[in-house]
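Residue numbers (this note's numbering): 1052 to 1233.
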């Protein structure tokens, strides 16, 4: 690996992304032990920061020679997803309408906030596991992979989840306000 690419894996923006991602993963791993309102509040603060830090990650090239193995098992994913599904209850599943201006179509589909959050968790947790191992060639390829998957998939999941979390937070607030007014 080139000297310059070894340095990129330790750049400030990468380390800050690692720090925010550690908080996100720890939060989801302990999510079922949280109060829903506290989890929602924390995610609404943490996820925009995570998105911003992902945007600042440097683009690196990779031939895929050192792509690390997936560390998150199906059981790990399910633990996070089902723990969140239980916590969100009836608010987990929601109907989303997606408009495609280029195709002049609207698509409607059911989504689950728990699945979106777990879909972000999986690549981010895999990235963190590689960074924890400290093998620089693998760290470099993991950086390439997390940027690529952010652009292609989990960045949009994050934005969609953020919109749903916003609705959940203010639905909770509205119901609390209604309870105190009566």
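The C-beta atom is built at its ideal place from N, Cα and C for all residues, glycine as well. On a predicted model such as this, the values are computed, not experimentally measured, just so you know.
Reference residue i; option with closest CA among the options
{"i": "residue 1079", "options": "1099, 1201, 1128, 1114", "result": "1128"}
{"i": "residue 1073", "options": "1165, 1063, 1175", "result": "1175"}
{"i": "residue 1140", "options": "1210, 1088, 1077", "result": "1088"}
{"i": "residue 1069", "options": "1132, 1214, 1185", "result": "1185"}
{"i": "residue 1076", "options": "1188, 1130, 1214", "result": "1130"}
{"i": "residue 1219", "options": "1084, 1115, 1085, 1144", "result": "1144"}
{"i": "residue 1062", "options": "1202, 1182, 1203", "result": "1182"}
Contact under 8 Å by Cβ, residue i with residue j
{"i": "residue 1190", "j": "residue 1066", "result": "no"}
{"i": "residue 1195", "j": "residue 1113", "result": "yes"}
{"i": "residue 1161", "j": "residue 1146", "result": "yes"}
{"i": "residue 1095", "j": "residue 1082", "result": "no"}
{"i": "residue 1164", "j": "residue 1208", "result": "no"}
{"i": "residue 1169", "j": "residue 1135", "result": "yes"}
{"i": "residue 1167", "j": "residue 1212", "result": "yes"}
{"i": "residue 1198", "j": "residue 1110", "result": "yes"}
Sequence-distant residues of its chain with Cβ nearer than 8 Å to residue i (five each side left out)
{"i": "residue 1071", "result": "1097, 1100, 1101, 1104"}
Residue i - partner residues in DSSP beta bridges
{"i": "residue 1089", "result": "Residue 1089 is not bridged to any residue."}
{"i": "residue 1144", "result": "1163"}
Other residues of its chain near residue i: CB distance less than 7 Å, five sequence neighbours each side excluded
{"i": "residue 1118", "result": "1192, 1196"}
{"i": "residue 1093", "result": "1078"}
{"i": "residue 1132", "result": "1165, 1166, 1169"}
Cutoff 6 Å; reference residue i; Cβ partners in own chain excluding five residues on either side
{"i": "residue 1200", "result": "1174"}
{"i": "residue 1177", "result": "1121, 1122, 1123"}
{"i": "residue 1216", "result": "1091, 1094, 1095"}
{"i": "residue 1107", "result": "1064"}
{"i": "residue 1233", "result": "For residue 1233, the pLDDT reaches just 43, beneath the cut-off of 50, and the residue's location in the model is therefore unreliable, leaving the point undetermined."}
Output the residue ranges of the alpha helix (DSSP H) runs that lie fully inside the stretch 1146–1204 and measure 4 residues or longer, sorted by chain position.
-> 1164–1184, 1187–1200
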